[in-house]
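Since the structure comes first, as structure tokens, the remarks are kept for the end.
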Amino acid sequence: MTSSRAARRHSLGPHAGVLVAMGLGAGAIVVAMVAGRSDLLDVLLQPPAPMGWLLGTAAALVGIVLLLRSADQVGTAAEPAELIRAIRIVFLSVAAFGVAAGWFIGSPVPIVAGLVIAGVDVLETTFLLIVTRSGVQP
């Protein structure tokens, strides 16, 4: 880690990343709740077919990239925190595949489910990372 990155990380505080991750996870859940209960996001949840196919293809590609990245990290994980981060990426790829399926079939249900999966996963793995960080070291 370079000295400027270390200084920047130190200036943000040790828990800044945790707070950002928890905020993003909670935000994804809130967006899923709003999307499931209002017509505000109909354009994004049920776009015209050609746009839905493009969005679905993009989400599927993101899912593939995340899955490959996770497989690489699982193979090289030396600590529990690294393994938790790799598993987080697996679930984010599952969420991306769910969103892609929703856009391909033209249904908002898999898209909302993907948002919930992503939000719960980020919150859950953030708590696990907090626990492993504060756990007793042998």
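For the sequence shown, counting from 1, position 96 maps to 622 in the working numbering; every step adds exactly one. Note that beta-carbon positions come from the ideal geometry of N, C-alpha and C, so glycine has one too.
Tell me which same chain residues have a C-beta within less than 6 Å of the C-beta of GLY551, skipping the five on either side of it?
GLY645, VAL648, LEU649
Output needed for VAL620: all residues of its chain with C-beta closer than 7 Å, excluding positions within five of it in sequence on either side, in chain order.
ILE643
Count the C-beta pairs between the region 576-583 and the region 624-636 that are closer than 8 Å, then say yes if the count reaches three, no if not.
yes
Local conformation of PRO576 per DSSP, three classes:
helix
Give every residue of the same chain whose Cβ lies closer than 7 Å to the Cβ of PRO606, excluding the five residues on either side of it in the sequence, and list them in chain order.
THR658
Beta-carbon spacing of GLY640, VAL625 below 8 Å
yes
Residue range of the alpha helix (DSSP H) that GLY628 falls in?
Start and end: 606-631.
Same chain only: Cβ atoms within 6 Å of VAL546, ignoring 5 sequence neighbours per side:
none
Exposed or buried, which one is PRO574 when buried takes at least 16 other CB atoms within 10 Å?
Exposed, since its Cβ has fewer than 16 Cβ neighbours within 10 Å.
Spatial neighbours of THR652 in its chain, beta-carbon cut-off 7 Å, leaving aside the 5 residues before and after:
VAL544, ALA547, MET548, GLY551
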